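Quick notes on the structure that follows.
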Amino acid sequence: MSTAEITATPDSRPVAPAIVRRSPVLSWLRLLGSELRLIFRRLRNLALLSVLVVLPLLLGIALWVAAPHHGDGGGGPDASFIDQLAGNGVFLSFIALTIMMTLVLPLVVAVVSGDSIAGEAGYGTLRYLLTVPAGRARLLSVKYTAVMIFGFVSCLLVSGVSLIVGVALFPVGPVTLLSGTTVSLADGLLRLLFVTLYVTAAMAALGAIGLAISTLTEHAIGAIAAIMILAVASEVADNVPQFAVVHPFLPTHWWLSFDSLLRSPIATGDLVHGLLSFGVYVVIFGAIAWARFTTANVTS
Amino acid sequence: MSGAPAVSTTGLTKRFRGGQLAVDDLDLVVPRGSVYGFLGPNGSGKTTTIRMLLGLVFPTRGSHQLLGIPMPHGSAQVLPKVGSLVEGPAFYPQLSGPANLARIDAADRTADPGTARERITTSLERVGLLAAKKKHYRAYSLGMKQRLAIAASLLQPRELIILDEPTNGLDPQGTREVRGLIREIATEGVTVLVSSHLLAEVEQICSHVGVMRTGRLVFQGPLDELRARGSARIEVHTTEVERAAEIFGKLGLADIQTSEGEVSAQLADQLPERICRELVYADIPVAGLGTARPNLEELFVGLTGEGFDVDG
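Residue numbers (the numbering used here), protein chains in the order written: chain W, 207 to 506; chain L, 26 to 337.
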């Protein structure tokens with residue numbers, strides 16, 4: 207090799223830095239920590255989270271003003287959420303989750319998941335993470351975990367804040383369910399926890415769709431818009447009776463099925479269908495995101 | 026393994042989906058310990074090549090190795106030993122310099138979190154950014170951004186550093202600083218691959234050069250070899266251009282060029298005084314005679330083509 211004449215003498219070469227193999231779990235957690243710091247300190251995301259605090263607060267106040275006052279409410283069988291609220295403040299959480307689920311929670315998840323890969327690509331930071339190397343599949347798993355955690359915190363915030371507001375403004379005691387049965391307050395709160403987890407699962411499915419869309423573009427705003435359009439289109443289609451055949455397969459179809467948790471006995475059929483649907487969406491779109499991201503040319 | 030070149034590519038080719046051939050059959054060899062100037066005009070395929078080297082873009086054909094390890098398969102193994110700056114700096118605008126470096130470091134499986142703070146401080150100090158450690162990246166000047174990117178490539182001990190246009194957009198002062206930094210890195214025995222569209226910017230620090238033109242490598246070798254390529258020419262000023270050119274022909278000179286009042290040719294191994302004597306014997310009025318050796322810049326332009334000829 208004639209080109210090697212000017213090669214430095216071997217003595218001046220750097221001592222090969224030994225590549226230290228650190229615990230893959232710990233290093234994965236370190237990257238996750240960095241990712242969480244990044245998304246939870248971002249002003250835009252904090253603004254979204256504050257919306258999730260303010261809306262249940264306003265909702266509680268509005269319903270308190272409108273409610274038939276001083277405990278003469280309370281519902282018989284098949285009473286609606288709102289009627290139940292007058293009898294028990296815990297119901298504000300279920301009302302808030304139901305309302306937030308149609309638009310605000312999906313929007314929050316769309317923003318964070320749509321930004322996950324596309325945002326890094328847009329900044330150009332993606333190429334630097336990949337040359338570290340962060341590892342494409344590893345980075346994707348960290349991104350998705352962070353999206354799920356953000357989704358969980360969002361849902362928890364809605365149910366937590368509305369629980370506090372509900373307890374402050376309305377009477378609290380044994381919870382009368384939608385089926386008319388009354389359970390203890392502890393049982394009611396446990397059901398609220400399950401509802402929150404169910405909603406989180408629904409958001410995790412939407413997050414997987416968002417992650418997949420996010421790997422297709424370097425424009426975060428485009429990805430976010432696409433996810434929102436998808437979610438809204440699915441909700442609209444779900445309300446058109448002519449599309450009844452596809453309803454069970456729509457990503458949003460099972461979102462509100464958590465009301466079975468508010469009946470006694472709990473109708474597990476819809477819940478299982480819902481969770482299964484979310485699982486299938488996570489697997490399919492997770493696979494799409496992986497297939498795309500691990501083979502994509504990064505030219506941003 | 027240490028005998029392997031720092032970078033070697035075999036028939037590396039990239040055709041983008043639009044059909045555009047960005048890199049065509051590239052055989053790059055960057056010897057260990059060298060400072061390799063990777064030159065070529067904008068759009069000649071340098072950045073695409075660097076992206077392929079680092080596993081960001083997958084080649085259509087061909088293969089390559091970094092430090093003797095095949096890529097992109099061995100990226101987890103070899104990339105921790107490679108620092109890089111690709112197509113300009115890119116960081117999170119809302120974070121400070123140290124926070125940005127901490128983010129990069131957190132992504133590194135091989136980095137020790139216990140020494141992260143210390144390593145970040147050291148590399149910021151090396152590029153002179155320690156004083157600005159509270160400043161958000163969005164408030165950085167272009168030169169500071171460039172230096173932060175170099176600091177990121179110095180977070181860990183490296184065997185190879187790949188810098189794509191590290192002086193792009195810098196003022197002469199900044200360019201000098203970056204050049205000094207590269208020189209310093211190289212004296213530690215680290216191989217440096219530095220790309221530029223300006224030969225003058227890297228000429229003083231390079232031991233080797235590779236020159237790209239529209240996706241192809243048109244020259245590769247030690248800088249001295251490129252210099253030696255520029256053979257001297259003889260230039261004669263005369264009113265009898267035609268007859269002088271005839272004499273040049275008889276003497277066996279190559280590449281004879283004539284213009285108004287001047288004739289020139291490659292000197293090869295002929296002596297100028299002998300050519301002068303022949304001209305005078307032939308009764309050609311010689312108003313002036315001289316020899317000239319093209320400088321590196323001219324050789325470079327000769328290799329890469331003049332002006333905006335980005336064919337394809």
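Glycine is no exception: its CB is placed at the ideal position from the N, C-alpha and C atoms.
Remember, predicted model here, so these are calculated numbers, not experimental data.
Distance between residue j and residue i (C-alpha atoms, nearest Å)
i                : j                : result
Val296 (chain W) : Leu254 (chain W) : 24 Å
Ile145 (chain L) : Ile175 (chain L) : 12 Å
Thr458 (chain W) : Val231 (chain W) : 34 Å
Ala450 (chain W) : Leu462 (chain W) : 17 Å
Asn445 (chain W) : Met307 (chain W) : 15 Å
Ala323 (chain L) : Gln119 (chain L) : Per the sequence presented here, residue 323 (chain L) reads as Glu, with Ala not at that position. Rounded to the nearest angstrom, the two C-alpha atoms are 45 Å apart.
Pro15 (chain L)  : Gly62 (chain L)  : Nothing about residue 15 (chain L) can be reported from this structure: the residues present for chain L run from 26 to 337 only.
His222 (chain L) : Gly28 (chain L)  : 30 Å
Ala307 (chain L) : Gly255 (chain L) : 30 Å
Ala273 (chain W) : Val378 (chain W) : 15 Å
Arg247 (chain W) : Val310 (chain W) : 20 Å
Val442 (chain W) : Phe464 (chain W) : 19 Å
Glu285 (chain L) : Lys71 (chain L)  : 40 Å
Gly153 (chain L) : Arg172 (chain L) : 8 Å
Asp189 (chain L) : Ile370 (chain W) : 55 Å
Phe400 (chain W) : Gly394 (chain W) : 10 Å
Ala432 (chain W) : Leu477 (chain W) : 27 Å
Val389 (chain W) : Ala374 (chain W) : 20 Å
Ile129 (chain L) : Phe325 (chain L) : 37 Å
Gly246 (chain L) : Leu296 (chain L) : 29 Å
Three-state secondary structure (DSSP) of residue i
i                : result
Ser109 (chain L) : strand
Ala214 (chain W) : Interpretation of Ala214 (chain W) is limited by its pLDDT of 42, a score under 50 that renders its predicted location unreliable; the figure taken from the coordinates is listed afterwards. Ala214 (chain W): coil per DSSP, three-state reduction.
His459 (chain W) : coil
Pro310 (chain L) : coil
Val259 (chain W) : helix
Leu64 (chain L)  : strand
His233 (chain L) : strand
Leu51 (chain L)  : strand
Arg342 (chain W) : helix
Ala136 (chain L) : coil
Leu309 (chain W) : coil
Thr423 (chain W) : coil
Arg228 (chain W) : coil
Arg40 (chain L)  : strand
Thr416 (chain W) : Note that residue 416 (chain W) is Gly in the sequence shown, not Thr. It is helical.
Glu226 (chain L) : helix
Leu278 (chain L) : coil
His479 (chain W) : helix
Thr264 (chain L) : coil
Phe273 (chain L) : helix
Nonlocal neighbours in the same chain, by C-beta distance under 8 Å from residue i, ignoring five residues either side
i                : result
Thr35 (chain L)  : Asp52, Gly87, Ser88, His89
Ala473 (chain W) : Ser466
Gly337 (chain L) : In this prediction, Gly337 (chain L) has a pLDDT of 40, which is less than 50 and means its spatial position is unreliable; what the coordinates show is noted afterwards. Result list for Gly337 (chain L): Gln45, Leu46, Thr239, Gly240, in chain order.
Val82 (chain L)  : Lys39, Thr73, Arg76
Proximity to residue i [Cα-Cα], best of the options
i                : options                                : result
Leu467 (chain W) : W:Arg498, W:Thr500, W:Thr406, W:Leu398 : W:Leu398
Ala164 (chain L) : L:Arg134, L:Ser121, L:Thr200, L:Gly194 : L:Ser121
Gly93 (chain L)  : L:Ser33, L:Asp249, L:Asn125            : L:Ser33
Ser547 (chain W) : W:Thr505, W:Ser506, W:Thr500           : Coverage of chain W is limited to positions 207 through 506, which leaves residue 547 (chain W) absent and any answer about it impossible.
Ala352 (chain W) : W:Ser229, W:Arg469, W:Gly416, W:Gly475 : W:Gly416
Leu269 (chain W) : W:Leu249, W:Asn294, W:Arg250           : W:Asn294
Val367 (chain W) : W:Ala497, W:Ser240, W:Phe300           : W:Phe300
Arg183 (chain L) : L:Ala211, L:Ala157, L:Leu167           : L:Ala211
Asn320 (chain L) : L:Asp249, L:Gln295, L:Leu79            : L:Asp249
Val315 (chain W) : W:Arg498, W:Tyr350, W:Thr331, W:Leu238 : W:Tyr350
Pro262 (chain W) : W:Gly239, W:Ser360, W:Gly320, W:Arg333 : W:Ser360
Ile435 (chain W) : W:Thr382, W:Leu313, W:Pro471           : W:Leu313
Phe358 (chain W) : W:Leu332, W:Tyr334, W:Gly413, W:Gly386 : W:Gly413
Gly58 (chain L)  : L:Glu209, L:Pro95, L:Val311            : L:Glu209
Cutoff 6 Å; reference residue i; Cβ partners in own chain excluding five residues on either side
i                : result
Arg268 (chain L) : Ile309
Thr85 (chain L)  : Thr38, Lys39, Arg40
Contacts around residue i, its chain only, beta-carbon distance under 7 Å, and the 5 residues preceding and following it disregarded
i                : result
Asp49 (chain L)  : Thr38, Gly240, Arg241
Phe356 (chain W) : Ile245, Val318
Gly65 (chain L)  : Lys71, His222, Val236, Met237, Arg238, Thr329
Pro447 (chain W) : none
Near the ligand SAM: residue i beta-carbon under 7 Å from a heavy atom
i                : result
Phe116 (chain L) : The ligand SAM is absent from the structure shown, which contains no ligand whatsoever.
Check whether the segment 332-343 of chain W touches the segment 257-272 of chain W, counting contact only when three or more Cβ pairs, one atom from each stretch, lie closer than 8 Å. no
Kindly confirm or deny that the segment 310-320 of chain L and the segment 260-273 of chain L touch, where touching means at least three C-beta pairs closer than 8 Å. yes
Take every Cβ of the segment 325-341 of chain W, pair it with every Cβ of the segment 105-114 of chain L, and state whether three or more of those distances are shorter than 8 Å. yes
Taking 8 Å as the cut-off, does the segment 326-334 of chain W touch the segment 421-429 of chain W (at least 3 CB pairs, one atom from each stretch)? yes
Is the segment 399-408 of chain W in contact with the segment 479-487 of chain W, if contact means three or more CB pairs nearer than 8 Å? yes
Could you tell me whether the segment 74-88 of chain L touches the segment 109-117 of chain L, where touching means 3 or more Cβ pairs closer than 8 Å? yes
Evaluate contact between the segment 131-142 of chain L and the segment 233-242 of chain W, counting only Cβ atoms and requiring at least three cross-stretch pairs below 8 Å. yes
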